[in-house]
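Written below as structure tokens is the structure these notes are about.
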Amino acid sequence: MERKTLDQREEMSDLERLRHSCAHVMAAAIAKLWPDAQFADGPAVDNGFYYDVELSHRITPEDFPKIEAEMKAITKANAPFERVIVSRAEALKLGETGHLGALADRSVPSKFKLDLLKDIPEGEDISCYRSGDFLDLCAGPHVMRTGNIRAFKLTTVASAYYKGDEKNPQLQRIYGTAFPNKTELDAYFAMLEEAKKRDHRKIGAEMGLYVMDTEYTGPGLPLWLPKGAAICEQLEKLAKETEFAGGYVLVKTPHVAKEKMYKTSGHLPYYAESMFPPMEVKEAGEGTETADRYYLKAMNCPHHHRIFAAEQRSYRDLPLRLAEYGCCYRYEQSGELFGLMRVRSLNMNDSHIYCTPEQFAAEFNAVNEMYLKYFKIFGLEKYQMRFSTSAPEGMGKKYVDEPELWKQTEDMVRHVLKDSGINYIEVPNEAAFYGPKIDVQVWSAIGREFTIATNQVDFAVPKRFGLTYRDKDNTDKTPLCIHRAPLGTHERFIGFLIEHYAGNFPLWLAPEQVRVLTIGEDAAVVEFARGILNELRAAMVRADADYGTDKINGKIQRAEQAKVHTMLVVGPRDVAAGAVSVRVHGKGNQGVKPRAEVIANILQAIRERCP
RNA sequence: GCCGGCGUAGCUCAAUCGGCAGAGCAUCUGAUUUGUAAUCAGAAGGUUGUCGGUUCAAGUCCGACCGUCGGCUCCA
1 MERKTLDQRE
11 EMSDLERLRH
21 SCAHVMAAAI
31 AKLWPDAQFA
41 DGPAVDNGFY
51 YDVELSHRIT
61 PEDFPKIEAE
71 MKAITKANAP
81 FERVIVSRAE
91 ALKLGETGHL
101 GALADRSVPS
111 KFKLDLLKDI
121 PEGEDISCYR
131 SGDFLDLCAG
141 PHVMRTGNIR
151 AFKLTTVASA
161 YYKGDEKNPQ
171 LQRIYGTAFP
181 NKTELDAYFA
191 MLEEAKKRDH
201 RKIGAEMGLY
211 VMDTEYTGPG
221 LPLWLPKGAA
231 ICEQLEKLAK
241 ETEFAGGYVL
251 VKTPHVAKEK
261 MYKTSGHLPY
271 YAESMFPPME
281 VKEAGEGTET
291 ADRYYLKAMN
301 CPHHHRIFAA
311 EQRSYRDLPL
321 RLAEYGCCYR
331 YEQSGELFGL
341 MRVRSLNMND
351 SHIYCTPEQF
361 AAEFNAVNEM
371 YLKYFKIFGL
381 EKYQMRFSTS
391 APEGMGKKYV
401 DEPELWKQTE
411 DMVRHVLKDS
421 GINYIEVPNE
431 AAFYGPKIDV
441 QVWSAIGREF
451 TIATNQVDFA
461 VPKRFGLTYR
471 DKDNTDKTPL
481 CIHRAPLGTH
491 ERFIGFLIEH
501 YAGNFPLWLA
511 PEQVRVLTIG
521 EDAAVVEFAR
531 GILNELRAAM
541 VRADADYGTD
551 KINGKIQRAE
561 QAKVHTMLVV
571 GPRDVAAGAV
581 SVRVHGKGNQ
591 GVKPRAEVIA
601 NILQAIRERC
611 P
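Start counting the first sequence at 1; every next residue gets the next number (the working numbering).
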């Protein structure tokens with residue numbers, strides 16, 4: 001974990017202060033129940049706090065009431081949080097006697113606290129906080145007294161590696177949350193319950209959008225059902241229209257490639273563990289036998305690079321924008337799979353733009369504008385643009401060893417961002433190995449953060465593939481490449497949209513756009529309904545009809561539950577009038593209108609992609 | 001991949017201390033001619049995730065595996 005600077009600590013909000021203080025109270029309660037507890041870090045986080053602890057006893061949610069009761073007693077005692085500045089020698093002694101993160105001296109040292117002590121730079125104050133008998137190494141700040149903590153609750157227990165490193169021991173991480181008062185605490189849990197109802201895994205199953213056939217297809221390999229596939233199709237159509245207008249050209253590439261492809265790109269061996277294992281293919285020949293390894297493609301870029309290389313390129317051909325809805329396969333670790341958000345087969349809204357340095361700013365900016373255009377269509381407002389740059393310590397290891405090029409391209413991107421007035425944060429040491437990137441971060445219903453779109457600069461891989469264009473001065477030059485996926489992947493983007501809309505898709509995206517519901521079984525009514533259905537389908541509207549013998553209430557109930565966007569109710573009265581009664585999902589009865597007008601309105605709303 | 005929780009009909013969930021595996025919805029069959037959120041009746045549906053163990057007896061206890069959920073690590 002990054003050490004917070006003094007300034008950042010000063011900025012800690014009242015709520016963070018409260019939560020971090022509550023973490024101390026929880027630690028004190030655990031120390032009382034299990035004196036051998038060894039505490040590591042216990043910060044405030046987005047929705048509460050946690051404390052990492054090593055403990056022989058395996059804490060389960062059944063222990064929570066017991067811990068919470070101890071916490072209650074501590075807050076009731078209302079002891080002050082006292083800040084104690086100690087010398088390094090004193091701190092070491094407290095650690096050696098096991099008194100850091102503990103109620104008293106112990107026979108074993110506070111090993112994690114001693115380790116954390118090493119991270120405090122010489123010359124910086126070493127502060128401890130005492131609340132009642134509990135003493136902890138801590139930078140603070142805290143609330144005044146334990147009694148200031150009035151509303152708290154433990155939520156889950158999980159495991160976490162010490163300092164987030166796989167090689168370190170796993171600790172028990174106990175999560176809790178705290179709020180200024182009980183009303184806000186209750187409201188938070190009510191909100192969580194609501195969020196769970198938006199979970200794309202739940203809605204995806206209810207609406208019949210996709211299934212994970214883990215037994216036959218495999219984990220992380222979704223089967224898109226007709227209704228989910230319909231959404232994929234609409235996204236793809238949107239992307240193709242937008243890209244066509246933006247001067248992109250479509251290409252198509254196979255799902256497998258020889259080992260040489262990924263050796264050249266640099267993905268092998270570094271990316272190998274994220275790829276499906278290779279297939280050995282033997283070709284028997286006349287007295288010879290050749291063997292090749294083929295890999296399922298984990299990304300489209302190498303294929304596109306080879307398309308660039310397939311023809312002679314002049315500066316007059318640039319920028320060249322190759323686009324493809326390419327299906328890639330990544331062998332994500334089993335514990336990382338998460339519904340549609342993290343899968344092993346992914347359809348990327350991919351493109352690679354090859355350009356000269358002079359063209360770069362305009363191209364990069366056009367990509368950003370494309371993002372914003374999409375976000376407007378989807379009414380996406382809560383996102384964070386994240387500009388990831390390199391760091392000197394990673395040069396030649398995590399990043400290709402071209403410090404000058406890094407600086408140049410990072411400056412180029414920074415300028416584009418500043419000039420376009422886009423709001424963003426800059427994060428050092430998070431770039432791709434081939435260049436800086438901009439990711440768009442969003443949050444799932446249950447609060448998990450995801451990259452939904454990405455825009456990356458690549459000044460390294462085209463060189464590895466020997467890509468060149470003939471410039472004005474009659475010399476061969478290597479193009480810059482922009483990798484971009486504004487709609488990310490179908491899987492993640494649709495997972496996100498399900499939660500964003502809570503399954504209530506706008507008309508243009510709704511899996512079932514229209515359902516015609518008949519009243520009675522009168523032949524004239526059914527014929528009238530069928531006429532409307534046929535007209536809608538001829539116009540590519542995803543429409544269906546319910547001619548069954550149920551009462552209209554039953555038909556409406558089922559259509560509403562299926563989240564059908566528009567219901568057209570027709571009965572004998574409507575046949576006579578040449579009209580239909582319109583009902584919109586979640587909005588109720590919209591009244592009777594002439595048939596032609598209703599159909600025209602539907603087609604217009606779809607064409608304009610009304611929100 | 002690691003730590004922990006969970007796995008009963010298509011779905012949501014019952015089944016007391018280890019003692020005959022059940023309900024609602026959905027499905028199927030029949031009846032019902034219906035105007036804005038559920039018409040009635042009947043039928044069918046299971047090697048309790050898989051494999052092994054303990055026991056007179058296992059959905060229930062133990063172990064391994066598979067899957068999934070919450071995190072960690074990682075990432076579009």
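Glycine included, each C-beta is placed from N, C-alpha and C at the ideal position.
L480 and R464 have their C-alpha atoms spaced approximately 12 Å apart. Contact between the segment 197-216 and the segment 494-512 is present, with at least three C-beta pairs closer than 8 Å. Between the segment 261-268 and the segment 213-228, the count of Cβ pairs shorter than 8 Å is below three; the stretches do not touch. Pairing L103 with S110 gives a Cβ-Cβ distance that is not under 7 Å. Selection V570, R595, N553, L137 evaluated against A545 yields V570 as nearest (Cα-Cα). Per DSSP, the unbroken alpha helix (DSSP H) holding T183 starts and ends at 182-198. The alpha helix (DSSP H) runs of length 4 or more contained entirely in the segment 236-323 are, from start to end of the chain, 259-265, 301-309.
A139 is bridged by DSSP to nothing; it lacks a bridge partner. Under the three-state reduction of DSSP output, H352 falls in the strand class. DSSP places N78 outside any alpha helix (DSSP H), giving it a letter other than H or E. Inclusion of T566 and Y547 in the CB contact set at 7 Å is not warranted, their separation being larger than that value.
Taking the CA atoms as reference points, E311 sits about 16 Å from T253.
Assignment of A361 by DSSP, reduced to helix, strand and coil, places it in the helix class. In this structure, the alpha-carbon of N168 lies about 6 Å from that of Y161.
Distances from the CA of L603 to each of A543, N589, K551, H585 were compared; the closest alpha carbon is that of A543.
Note: S581 is bridge-paired with V569, V592 in the DSSP secondary-structure output. Our two residues, V427 and E449, have alpha carbons roughly 15 Å apart in a direct line. Straight-line spacing of the CA atoms in T409 and L372 works out to 22 Å.
With contacts defined as CB atoms closer than 7 Å, D574 and A485 fail to qualify as a contacting pair.
Close CB contacts of L507 within its chain, under the 8 Å cut and outside five residues either way in sequence, are with Q513, H565, T566, I602, A605, I606, C610 (chain order).
Under the three-state reduction of DSSP output, T60 falls in the coil class, being neither helix nor strand. Between S444 and the set R492, D419, G421, the nearest pair of CA atoms involves R492. Beta-bridge analysis with DSSP links R83 to Y129. The Cβ neighbour count for V457, taken over all protein chains shown within 10 Å, is at least 16; the residue is labelled buried. Around the C-beta of V108, fewer than 16 other C-beta atoms lie within 10 Å, and the residue is accordingly described as exposed. One alpha carbon belongs to N47, the other to R595, and they sit about 51 Å apart. Per DSSP, reduced to three states, the secondary structure at I149 is coil, with no helix or strand assignment. The criterion of a C-beta distance shorter than 7 Å is not satisfied by L92 and K113. Of the residues R130, R583, G578, P572, the one whose Cα lies closest to the Cα of K563 is R583. Exclusion of the five residues before and after T155 leaves G48, Y175, G176, T177 as the residues of its chain whose Cβ lies within less than 7 Å of its Cβ. Straight across, the Cα-Cα distance linking A559 with A151 is about 43 Å.
In the three-state DSSP reduction, F338 falls in the strand class (E or B). Cβ-Cβ separation between V25 and M71: approximately 5 Å, consistent with a contact (criterion under 8 Å). In the DSSP assignment, Q38 forms a beta bridge with E54. The beta carbons of Y331 and R344 sit about 6 Å from each other, so the pair counts as a contact at 8 Å. By the Cβ neighbour-count rule, I425 is exposed, with fewer than 16 other Cβ atoms within 10 Å of its own.
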